[in-house]
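*Asks:* In the numbering used here, the protein residues as written are 179 to 424. Ideal Cβ placement from N, Cα and C applies to all residues, glycine included.
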Ligand code: 13P
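1) Answer yes or no: do residue 213 and residue 234 have a C-beta to C-beta separation smaller than 9 Å?
2) Please confirm whether any heavy atom of the ligand 13P lies closer than 8 Å to the CB of residue 290.
3) Cα separation between residue 229 and residue 220?
4) What I want to know is whether the C-beta of residue 421 ends up closer than 8 Å to one or more non-hydrogen atoms of the ligand 13P.
5) If you count every other CB in all the chains shown that lies within 10 Å of the CB of residue 307, and 16 or more means buried, which is it?
6) Go through the stretch 296 to 320 residue by residue and report every complete run of the alpha helix (DSSP H) that reaches 4 residues or more, in order.
7) Decide yes or no for the touch test of the stretch 339 to 357 against the stretch 377 to 397: beta carbon pairs closer than 8 Å, at least 3 of them.
8) Cβ of residue 191 within 8 Å of any heavy atom in the ligand 13P?
9) Looking at the C-beta of residue 185, does it have a partner C-beta in chain D at a distance below 9 Å?
10) Which ranges would you report for the beta strand (DSSP E) in the stretch 208 to 255 if only whole runs of at least 3 residues count?
11) Which value, in whole angstroms, describes the spacing of the CA atoms of residue 300 and residue 353?
12) Taking 8 Å as the cut-off, is the C-beta of residue 382 nearer than that to any heavy atom in the ligand 13P?
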C-alpha cells in the first residue's frame, strides 16, 4: 500500500499562508506518497480546490457524530462529504486533553464518518507517565477497542489509525523507530484480530515530531505506513520532503 502523509495544520495559518503553501506544494508534488491535508475547517474548501489537480485530499481535524440539527459550532460529516471532503482526524490527543473527548465518544464519530463515506483517521497514544509506568500497550489496546467499538464495515480504504505518543507531539522528542515499530506491530495485531482479512492491510501512521531528517528511518519500519505531521507540515518545502519530493 502507498505510504500516506497527513498534514495536520492545527490552528495555524491565515488564508494567505494556505494559498502560498498550496502554490508551492502542488506543482512539485509527484504523488510518490499520498498527501492529505487537514487545515482549519474555514480553509478546507480552499485547500481542497487547490489540491484537486494532484489529488491532494483535504479533510478536517475534528467532526461531529451528528449529521444535522441544533449542534452549535459543529461540522457535519454529511456536509463535509458533500463539499468534497475526504477524511476526518478523530480523537487527536489535543482534543482528548482540551475538549474532553474520550475513546467512547470517538467511537460514535468513527461510526458516523464511515457511514457517511468519510475516512476516519483515528488517533491513539499514551502519555509519558503511562509509558514510564509500562502501560503503553494496554492503553493503546483500550483506546483501540473502545474507539472502534461497534465500528463495522471497515476496510483499508476507510479507516486509518494514527499512533501519536503524547510525549512526542510538538516536543521535538520523537519515538525511536524501534519504539514506534513495537507499538505499530501491536496495533496491526489488534486490528487483524478485530477485522479478520482486512485489519492487517490498514494503514497505521506515526505522529510526533516527524521531520525531514527522521522520516525515512521511521518509514523504513515494517509496520509504519506513513505519518501524521504537525509542525513540519506547515512549510511546503518540508512537507514535500516528507512526501519523498526533495
Ligand atoms: P508535531 O509533528 O508538531 O509533533 O505534531 C504531531 C501531531 O500532533 C500531528 O497530529
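*Replies:* Reading it off the structure:
1) In this structure, the beta-carbon distance from residue 213 to residue 234 falls below 9 Å.
2) Answer for residue 290: no, Cβ out of range of the ligand 13P.
3) Residue 229 and residue 220: Cα-Cα distance of roughly 16 Å.
4) Because no heavy atom of the ligand 13P lies under 8 Å away, the Cβ of residue 421 does not count as near it: no.
5) Taking all protein chains shown into account, residue 307 has fewer than 16 neighbouring C-beta atoms within 10 Å of its C-beta and is therefore exposed.
6) Listed in chain order, the complete alpha helix (DSSP H) runs (minimum 4 residues) inside the stretch 296 to 320 are 306 to 310.
7) Three or more Cβ pairs closer than 8 Å define a contact, and the stretch 339 to 357 meets that threshold against the stretch 377 to 397.
8) No, the Cβ of residue 191 stays beyond 8 Å of every heavy atom of the ligand 13P.
9) Among the chains of the structure shown, chain D does not appear; only one protein chain is present.
10) With a minimum length of 3 residues, the continuous beta strand (DSSP E) runs that stay inside the stretch 208 to 255 are 212 to 216 and 235 to 238.
11) Spanning the two alpha carbons is a distance of roughly 19 Å.
12) Placement of the Cβ of residue 382 at a distance of 8 Å or more from every heavy atom of the ligand 13P is found.
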